[in-house]
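Protein chains in written order, with this note's numbering: chain X, 1 to 380; chain B, 1 to 587.
All C-beta atoms in this analysis are idealised placements derived from N, C-alpha and C, irrespective of residue type, glycine included.
This report concerns only the one structure given below.
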């Protein structure tokens with residue numbers, strides 16, 4: 001099944017690249033492909049010749065568990081198969097439990113990093129890296145053919161290390177069938193404070209959960225730095241419930257514990273695939289906005305396969321690969337050129353307006369904002 | 001080992017036999033020392049060293065020694081409030097666990113009924129349940145549309161909102177810890193000598209008086225063990241608090257976790273130091289109490305159990321049985337309903353229909369899973385192998401520690417408390433320490449020494465498990481008549497012989513209970529497993545449950561049910577087999 005969908009989507013390009021590889025006689029040197037905007041085939045040629053005695057080069061990709069091992073669909077296995085069948089390389093996944101922290105820890109302790117790439121970086125992790133390490137951990141990436149197809153609005157690293165490959169829009173998912181039916185979520189943040197919604201919203205800990213953090217940041221966007229704590233005071237009075245993480249809150253939501261949960265705007269894509277009742281997966285973008293939380297990939301500074309890593313990144317940005325990742329990871333693609341299947345376009349919703357804080361603002365304020373929130377919310 | 005000495009009577013055979021016998025005698029004499037040394041080594045390497053590396057963060061910041069972070073935490077009113085709340089909820093949880101656990105011990109040790117032993121074995125099952133599964137089961141049982149409310153509705157009563165409140169946390173903690181109270185108390189109750197009770201009765205004591213004067217003093221240390229452990233565990237509780245209470249009711253451990261995630265190590269370590277100091281202090285206080293309480297002169301004949309269905313229904317017999325039935329109903333709601341909810345979830349499809357898809361997913365993953373994915377059977381096998389390995393390591397470690405700490409010497413209680421430390425340090429801190437100290441390795445004489453893989457996982461599990469063996473065995477061992485060992489020693493038995501042949505059979509119930517705990521700790525352990533098994537195929541069942549979590553719960557709950565069935569069967573086997581071999585640590 002995986003194989004067939006791969007052949008259907010990536011057929012022609014793959015053949016050409018394979019031909020390019022087969023034609024290579026191993027004379028090209030490692031540096032050849034850099035920054036010249038050459039074809040993918042040539043780049044992979046450069047890397048295959050990089051290894052001694054014709055051994056297959058191995059690209060080690062660090063990522064989070066769900067990227068390769070979610071029980072539903074995860075893009076990892078497909079990506080590995082598609083990449084390996086086109087390029088003369090093997091792809092090995094590493095899924096450390098503490099995710100990117102694992103690599104920060106290694107760098108802090110001066111232990112070598114075996115991975116070449118990390119997939120699944122977000123702006124918060126990037127800030128954590130920059131706060132804890134003098135080196136950036138990742139190297140700036142240049143020379144990608146498809147770099148400029150990435151949506152400008154999703155770029156989150158001013159130093160050009162992270163290349164966005166997909167994004168989630170965080171919004172409110174609500175259950176129309178809740179109670180006696182006919183439930184609708186309020187259209188604004190202020191609406192959430194109304195009596196009729198008392199105890200109706202579930203969200204996640206903004207200190208440790210990505211969706212929870214996005215929701216907190218969205219309230220800061222809406223209410224301002226000076227107003228968000230008051231707003232949360234009112235939310236708390238109205239019975240908002242903040243749980244550990246997305247899984248815990250979504251479980252409670254699925255069990256009918258509350259009619260609204262902070263989640264992703266791609267919720268219906270999954271619900272549709274699973275044959276669930278879509279009335280239980282309605283979306284609301286508060287104030288007509290969705291908070292964008294793009295995921296990026298980046299190349300470790302110490303990698304000895306920069307060419308292969310670049311080849312991989314370019315591969316990920318291909319229109320058909322972007323579509324496949326979006327569907328399998330249930331996220332939006334990051335490029336303007338992705339060729340999304342109709343079912344995805346039908347059920348995923350992009351917010352009328354996407355909002356997000358940029359790297360600089362977050363680096364200067366994030367820890368202060370969250371800790372002020374924590375002290376107010378937990379102290380009560 | 002004794003191969004060459006077998007089979008012929010030649011002179012060389014005799015000398016070899018003599019040599020082997022001498023070796024065995026030497027081994028027997030030194031066995032305690034050897035096991036104690038291994039214990040110290042394993043503890044040092046897999047516990048004190050890694051945890052030490054984390055605690056240093058609290059006092060060594062930016063290349064300088066300082067008390068700053070510790071003082072910051074201690075003087076911050078916000079954190080003081082968090083510590084107060086943490087202690088408060090732990091106190092409530094402990095009271096609830098003891099209240100829920102004691103009747104269980106009474107029923108299990110004083111009544112006879114079909115399946116009693118199986119039920120007794122299964123009391124440990126909640127202990128291995130991954131917390132996310134408990135949370136799922138609790139939401140389904142006590143939630144807005146849960147079993148309890150549907151029951152209340154059917155009875156025409158008003159609905160209750162229990163979730164996201166302190167009572168929800170307390171009940172969930174009781175779910176985890178009441179069985180612990182039940183187990184240690186049952187083990188002690190079964191070790192009560194029937195003749196002492198009979199003597200009291202012959203001397204004219206009423207059954208109530210005999211219980212108060214003879215039985216209760218022997219149960220109190222066990223109840224105190226259960227209560228102390230419960231307090232320590234619930235003090236460091238984290239996933240349950242967040243899943244069922246929410247961030248409003250956060251404990252210290254929640255803050256340690258979030259600080260570690262944000263790499264704010266000095267703050268995390270300071271919080272952990274204070275948390276550990278409090279837990280260790282409590283352990284020390286308990287140990288002093290235990291030393292005062294231990295009574296002597298215990299024999300081997302347990303009291304006779306009453307049939308659950310009495311021969312004649314006197315008013316008294318009926319009242320007793322009514323109490324048992326009432327307790328059964330509470331047990332059904334608190335223990336059976338959440339587990340049943342999880343089972344139900346594992347066979348429920350997206351529209352609420354019956355389906356086996358989630359189990360088919362497990363089969364499919366087993367068949368087609370790749371090297372970087374988690375396969376169910378590998379997880380089952382690893383869990384069992386690690387569990388047995390942990391038993392093999394933790395039982396001797398725990399027994400020897402309990403022998404050492406029931407001897408009299410200066411500073412014994414301090415040593416004992418330090419030996420109990422693995423129970424008091426948070427899993428997050430141990431995990432982080434292992435990551436940095438062992439997984440990344442340390443440079444020794446120019447070479448990087450790393451500790452990972454299956455053996456390290458087993459050793460780490462044993463470190464977490466042996467205090468349970470010690471704490472279930474030591475109070476019983478301390479209560480034995482010292483003359484028993486003395487006479488055996490006078491008759492020429494080595495210390496180990498006396499231990500194996502005299503003492504352990506007398507405290508068999510405690511040893512088997514400890515063994516079950518050791519196995520359960522290994523099965524349920526998560527933090528150090530994921531860290532030490534990194535990148536290898538050493539993942540266990542709880543790790544698999546965690547990995548299968550996603551937008552739909554089915555696969556994770558199906559894996560959770562596999563975990564329950566496999567561990568449930570293992571416990572029954574352990575206790576049946578352990579009971580038969582007389583609890584000699586013969587596994």
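Taking only three categories from DSSP, how would you classify residue 295 of chain X? Here residue 295 of chain X refers to the residue found at position 295 of the first chain. Three-state result, residue 295 of chain X: strand.
Here's a check: name, in chain order, each residue in its chain whose Cβ is nearer than 8 Å to the Cβ of residue 240 of chain B, leaving out the five neighbours to either side. In the second chain, the residue the question calls residue 240 of chain B occupies position 240. Cβ within range, chain order: 131, 134, 135, 169, 172, 173 and 176.
DSSP on residue 330 of chain X, reduced to helix/strand/coil? Within the first chain, the letter at position 330 stands for residue 330 of chain X. Coil at residue 330 of chain X, not helix or strand.
Is the beta carbon of residue 383 of chain B closer than 9 Å to that of residue 566 of chain B? By one-based count along the second chain, residue 566 of chain B stands at place 566. By one-based count along the second chain, residue 383 of chain B stands at place 383. Taking 9 Å as the Cβ cut-off, residue 566 of chain B and residue 383 of chain B qualify as a contacting pair.
Quick one: which chain B residues come within Cβ less than 8 Å of residue 377 of chain X? Numbered from 1 along the first chain, position 377 holds the residue referred to as residue 377 of chain X. By Cβ distance, chain B contributes 247 and 248.
Bridge partners for residue 324 of chain X per DSSP, in chain order? For the purposes of this step, residue 324 of chain X is taken as the residue at position 324 of the first chain. Bridge partners of residue 324 of chain X: none, in fact.
Taking 9 Å as the threshold (beta carbon to beta carbon), is residue 172 of chain X in contact with chain B? On the first chain, position 172 is the one that residue 172 of chain X refers to. Residue 172 of chain X does not count as touching chain B.
What residues in the region 95 to 117 of chain X have a beta carbon less than 8 Å from any beta carbon of chain B? Residues of the region 95 to 117 of chain X with a C-beta atom less than 8 Å from some C-beta of chain B are 95, 96, 97, 98, 101, 102, 104, 105, 106, 109 and 111, listed in chain order.
Interface residues of chain B facing residue 270 of chain X [CB-CB closer than 7 Å]: Walking along the first chain from the start, residue 270 of chain X turns up at place 270. Per Cβ cutoff of 7 Å: 551.
Does any residue of chain B bring its CB to less than 9 Å from the CB of residue 372 of chain X? Taking the first residue of the first chain as position 1, residue 372 of chain X is located at position 372. Not one chain B Cβ lies under 9 Å of residue 372 of chain X.
Quick one, which of X:181, X:242 and X:325 has its alpha-carbon nearest residue 165 of chain B's? Walking along the second chain from the start, residue 165 of chain B turns up at place 165. Among X:181, X:242 and X:325, the Cα nearest to that of residue 165 of chain B is on X:242.
Helix, strand or coil at residue 312 of chain B according to DSSP, with G and I counted as helix: Counting from 1 along the second chain, the entry for residue 312 of chain B is found at position 312. Residue 312 of chain B: coil per DSSP, three-state reduction.
Residues that residue 239 of chain B contacts on chain X, provided the C-beta gap is smaller than 9 Å: Reading the second chain from its first residue, position 239 is the one you call residue 239 of chain B. Within chain X, the C-beta atoms nearer than 9 Å to that of residue 239 of chain B come from 244 and 248, in chain order.
Quick check: is any heavy atom of the ligand MG less than 8 Å from the C-beta of residue 442 of chain B? This structure lacks the ligand MG; in fact it carries no ligand of any kind.
Is residue 204 of chain X helix, strand or coil when you go by DSSP? As a position in the first chain, residue 204 of chain X is number 204, starting the count at 1. Correct three-state label for residue 204 of chain X: strand.
Would you say residue 77 of chain X lies against chain B (beta-carbon separation less than 9 Å)? Residue numbering aside, residue 77 of chain X sits at position 77 when the first chain is read from its first letter. Yes, residue 77 of chain X counts as interfacial toward chain B.
For residue 128 of chain B, which of B:553, B:578, B:573 and B:540 has the nearest alpha-carbon? Here residue 128 of chain B refers to the residue found at position 128 when the second chain is read from its first residue. Per the Cα distances, B:540.
Enumerate in chain order the residues of its own chain whose CB-to-CB distance from residue 359 of chain B is below 7 Å, with the five nearest sequence positions on each side excluded. The residue given as residue 359 of chain B occupies position 359 in the second chain. Cβ neighbours of residue 359 of chain B beyond the five flanking positions: 558.
Considering only their Cβ atoms, is the gap separating residue 297 of chain X from residue 117 of chain X smaller than 9 Å? The count along the first chain starts at 1 and reaches residue 117 of chain X at position 117. The count along the first chain starts at 1 and reaches residue 297 of chain X at position 297. Contact flag set, yes.
Closer than 7 Å by beta-carbon distance: list the chain B residues that pair up with residue 207 of chain X, in chain order. In the first chain, the residue the question calls residue 207 of chain X occupies position 207. Those within 7 Å of residue 207 of chain X in chain B are 258.
Only counting the same chain, and skipping five residues up and downstream in sequence, which positions put a Cβ closer than 7 Å to that of residue 544 of chain B? For this step, residue 544 of chain B is matched to residue 544 along the second chain. Closer than 7 Å at Cβ, skipping near neighbours: 374, 376, 379 and 559.
Which chain A residues are close to residue 236 of chain B, counting only those with a beta carbon under 8 Å from its beta carbon? The structure shown contains no chain A; the protein chains it does contain are X and B.
From what residue to what residue does the beta strand (DSSP E) around residue 283 of chain X run? Looking up residue 283 of chain X in the first chain gives position 283. Membership of residue 283 of chain X in the beta strand (DSSP E) is indicated by the continuous run 282 to 284.
What did DSSP end up calling residue 168 of chain X once you bin it into helix, strand or coil? Within the first chain, the letter at position 168 stands for residue 168 of chain X. In this structure, residue 168 of chain X counts as strand in the three-state DSSP scheme.
Under the three-state DSSP convention, the category residue 214 of chain X falls into: Start at 1 with the first residue of the first chain, and residue 214 of chain X comes out as number 214. In the displayed model, residue 214 of chain X falls within a helix according to three-state DSSP.
Since residue 307 of chain B sits in a beta bridge, which residues does DSSP pair it with? Counted from its first residue, the second chain places residue 307 of chain B at position 307. BP columns for residue 307 of chain B point to B:112.
Could you compute how far the alpha carbon of residue 64 of chain X sits from the alpha carbon of residue 218 of chain X? As a first step, residue 64 of chain X must be located in the first chain, where it is residue number 64. As a first step, residue 218 of chain X must be located in the first chain, where it is residue number 218. One C-alpha to the other measures close to 25 Å.
Strictly under 9 Å for the Cβ-Cβ distance: is residue 327 of chain B near chain X by that measure? Within the second chain, numbered from 1, the residue matching residue 327 of chain B stands at position 327. Not a single C-beta of chain X is nearer than 9 Å to the C-beta of residue 327 of chain B.
Using a Cβ-Cβ cut-off of 9 Å, state whether residue 330 of chain X counts as contacting chain B. Counted from its first residue, the first chain places residue 330 of chain X at position 330. Yes, residue 330 of chain X lies at the interface with chain B (some Cβ there is under 9 Å from its Cβ).
Three or more C-beta pairs under 8 Å: does that hold for the region 217 to 227 of chain B against the region 141 to 148 of chain B? Because the criterion of three Cβ pairs below 8 Å is not met, the region 217 to 227 of chain B and the region 141 to 148 of chain B do not touch.
Comparing alpha-carbon positions, which option in X:376, X:300, X:161 and X:132 lies nearest residue 112 of chain X? The sequence position of residue 112 of chain X within the first chain is 112, counting from 1. When only C-alpha atoms are compared, the closest one is X:300.
Check the Cβ-Cβ distances between residue 80 of chain X and every residue of chain B, and say whether any is below 9 Å. Your numbering for residue 80 of chain X matches position 80 in the first chain. Interface residue, yes.
Starting from residue 547 of chain B, trace the alpha helix (DSSP H) in both directions and tell me its first and last residue. On the second chain, position 547 is the one that residue 547 of chain B refers to. Note, residue 547 of chain B: alpha helix (DSSP H), 541 to 547.
Could you pull the start and end residues of the alpha helix (DSSP H) that residue 446 of chain B belongs to? Counted from its first residue, the second chain places residue 446 of chain B at position 446. Looking at the DSSP string, residue 446 of chain B is not in any alpha helix (DSSP H), and its letter there is neither H nor E.
Alpha-carbon to alpha-carbon, residue 436 of chain B and residue 518 of chain B: Sequence index remark: in the second chain, residue 518 of chain B carries index 518 (1-based). Sequence index remark: in the second chain, residue 436 of chain B carries index 436 (1-based). Taking C-alpha positions only, residue 518 of chain B is separated from residue 436 of chain B by approximately 26 Å.
Backbone secondary structure at residue 372 of chain B - three-state DSSP: Working through the second chain from its first residue, we reach residue 372 of chain B at position 372. Per DSSP, reduced to three states, the secondary structure at residue 372 of chain B is coil, with no helix or strand assignment.
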